[in-house]
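Novice: So for the sequence shown, our numbering puts the first residue at 1; every next one is plus one.
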Amino acid sequence: MRAMLPLLHATDFPAIQRGKLKTLQINIGYRCNQACFHCHVNAGPDRKEAMDTNTIQLVLDVLKKQSIKILDITGGAPELHPHFRTLVERAHGLDVKIIDRCNLTVLEEEGQKDTAEFLAGKQVEIVASLPCYLEDNVNAQRGNGVFQTSIKALQKLNALGYAKENSGLVLNLVYNPQGPSLPPSQTELQAAYKKELKSRYNIDFNQLFTITNMPIARFGSTLVTQGKFNSYMQLLKSAHSDENLAGVMCRELISVDYRGYLYDCDFNQMLGIPLGGKRKHIKDLLDTDFAGKTIAIADHCYGCTAGQGSSCGGALGH
Numbered sequence: 001m002r003a004m005l006p007l008l009h010a011t012d013f014p015a016i017q018r019g020k021l022k023t024l025q026i027n028i029g030y031r032c033n034q035a036c037f038h039c040h041v042n043a044g045p046d047r048k049e050a051m052d053t054n055t056i057q058l059v060l061d062v063l064k065k066q067s068i069k070i071l072d073i074t075g076g077a078p079e080l081h082p083h084f085r086t087l088v089e090r091a092h093g094l095d096v097k098i099i100d101r102c103n104l105t106v107l108e109e110e111g112q113k114d115t116a117e118f119l120a121g122k123q124v125e126i127v128a129s130l131p132c133y134l135e136d137n138v139n140a141q142r143g144n145g146v147f148q149t150s151i152k153a154l155q156k157l158n159a160l161g162y163a164k165e166n167s168g169l170v171l172n173l174v175y176n177p178q179g180p181s182l183p184p185s186q187t188e189l190q191a192a193y194k195k196e197l198k199s200r201y202n203i204d205f206n207q208l209f210t211i212t213n214m215p216i217a218r219f220g221s222t223l224v225t226q227g228k229f230n231s232y233m234q235l236l237k238s239a240h241s242d243e244n245l246a247g248v249m250c251r252e253l254i255s256v257d258y259r260g261y262l263y264d265c266d267f268n269q270m271l272g273i274p275l276g277g278k279r280k281h282i283k284d285l286l287d288t289d290f291a292g293k294t295i296a297i298a299d300h301c302y303g304c305t306a307g308q309g310s311s312c313g314g315a316l317g318h
């Protein structure tokens, strides 16, 4: 695996500042039942890194102290963390909106068969990764059998009320391109997903988020190996739009790694670029307001402002 930061550190990306903190996004650990090509976390079945109970308690303390209303839980597969359910239960008790970034197949893993019911019971919003509505494309990207397992998990979620009218249970899907290209129009692709998944498998969902692949970690290293890194960076830069700067996720989100250290976004976390360029811990969030502070940037930031723009909530749109 190549170190990508040296290729991204020098940048002419526009300076941006933080606004009011609305979302605490935590990476609870790198263990995952999949090892996807585009994964910017390099997650996989053999990863051991996991947030400890003291850090989980600090997450809950910060949510309460700062009156943060959105907890966005990522991994790896967050559900595989031994204290995932405890975290969700306690955050739910704080009247916090909880987002679980789920790969779907984990819901069919041994020991996880009741996880979907647990998530529904705590009104957890699910953001589920499904890179295509066609079986061959998904299996090519994620491995044989992944598509059918994902479909089974989606049908289970629908049966529990997810994406059903007046249920209050939100199910959003995520699309990543399979290679070094920008995602298509989120609106048009969402319409195609809704039509195909409904007609083929009777599956409903709320929204589709299109997310640009970041030139970091596994994906970035592969681009370098294939001699496509420079051309991909040029694609991102040529598609940059200043209109997207106002909506980038880092303005109102702070990312926390499994050790409790703070970053401006999940991508900076994977590159080791600390919040504002200086190392800080979640303990600092108990008594510090970072609004107005400068956000640490590098060349990969163009991935968030290219085309329609890209964030953890999909295209920024304009």
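Built from N, CA and C at the ideal position, the CB exists for glycine as well. A quick note: this is a predicted structure, and the numbers were derived from the prediction, not measured.
Do the CB positions of residue 87 and residue 116 come within less than 8 angstroms of each other?
Specialist: no
Novice: For residue 311, which three-state DSSP category applies?
Specialist: Because the pLDDT at residue 311 is just 47, under 50, the model does not fix this residue reliably, and the value given afterwards should be weighed accordingly. Correct three-state label for residue 311: strand.
Novice: Start and end of the beta strand (DSSP E) containing residue 150?
Specialist: Per DSSP, residue 150 lies in no beta strand (DSSP E); the unbroken alpha helix (DSSP H) holding it starts and ends at 146 to 159.
Novice: Would you please state the rounded distance, in angstroms, between the beta carbons of residue 151 and residue 193? I believe it to be under 8 angstroms.
Specialist: Contact flag wrong, Cβ pair sits at about 13 angstroms.
Novice: In terms of residues, what are the limits of the alpha helix (DSSP H) holding residue 61?
Specialist: 53 to 65
Novice: Near residue 15, which residues of its chain fall below 6 angstroms by C-beta distance, leaving aside the five closest residues on each side in sequence?
Specialist: none
Novice: Can you tell me the Cβ-Cβ gap for residue 25 and residue 245, rounded? I've got them flagged as a contact below 8 angstroms.
Specialist: About 20 angstroms separates the two Cβ atoms, so there is no contact after all.
Novice: Count the other C-beta atoms from every protein chain shown that fall within 10 angstroms of the C-beta of residue 331, then say buried if there are 16 or more, exposed otherwise.
Specialist: Because the chain in this structure spans residues 1 to 318, residue 331 falls outside the shown range and cannot be described.
Novice: Should residue 230 go down as buried or exposed, given a rule of 16 or more other Cβ atoms within 10 Å for buried?
Specialist: exposed
Novice: Taking Cβ to Cβ, would you say residue 172 is nearer than 8 angstroms to residue 127?
Specialist: yes
Novice: Under 8 angstroms by Cβ, that's how I've got residue 280 and residue 274 pegged, so tell me the actual separation to the nearest angstrom.
Specialist: 6 angstroms
Novice: So, with DSSP's three-state summary, where would you put residue 132?
Specialist: Coil at residue 132, not helix or strand.
Novice: Thinking just about the alpha-carbon of each residue, which of 147, 286 and 33 is nearest to the one in residue 110?
Specialist: 33
Novice: For the segment 74 to 134, which segments carrying the alpha helix (DSSP H) assignment without a break, of at least 4 residues, lie completely within its bounds, in sequence order?
Specialist: Whole alpha helix (DSSP H) segments, 4+ residues: 84 to 93 and 115 to 121.
Novice: Check whether the Cβ of residue 99 lies closer than 7 angstroms to any heavy atom of the ligand SAH, and answer yes or no.
Specialist: Within the structure as shown, the ligand SAH is missing, as the structure has no ligands at all.
Novice: Buried or exposed: residue 217, going by 16 or more other Cβ atoms within 10 Å of its Cβ?
Specialist: Burial call: buried.
Novice: For residue 185, which option in 203, 209 and 162 has the closest C-alpha, if you only look at C-alpha atoms?
Specialist: 209
Novice: Between the C-alpha atoms of residue 225 and residue 197, what's the straight-line distance to the nearest angstrom?
Specialist: 35 angstroms
Novice: Rounded to whole angstroms, what is the Cα-Cα separation between residue 77 and residue 121?
Specialist: 19 angstroms
Novice: Would you mind sorting residue 300 into buried or exposed? The rule is 16 or more other CB atoms within 10 Å of its CB.
Specialist: buried
Novice: Since residue 17 and residue 292 should fall inside the 8 angstroms C-beta cutoff, what is the C-beta to C-beta distance between them, to a whole number of angstroms?
Specialist: Rounded, the Cβ-Cβ distance is 6 angstroms, consistent with contact.
Novice: Report the three-state DSSP secondary structure of residue 47 (helix, strand or coil).
Specialist: coil
Novice: Look at the alpha carbon of residue 241 and the alpha carbon of residue 303, and state the distance between them as a whole number of angstroms.
Specialist: 11 angstroms
Novice: In the DSSP assignment, find the unbroken beta strand (DSSP E) run with residue 255 in it and report its ends.
Specialist: 253 to 256
Novice: Would you decide whether residue 81 is buried or exposed? Buried here means 16 or more other CB atoms lie within 10 Å of its CB.
Specialist: buried
Novice: Which partner residues does residue 17 have in the DSSP bridge list?
Specialist: According to DSSP, which records beta bridges pairwise, residue 17 is partnered with 294.
Novice: By the 10 Å Cβ neighbour count, where 16 or more other Cβ atoms means buried, how is residue 286 classified, buried or exposed?
Specialist: exposed
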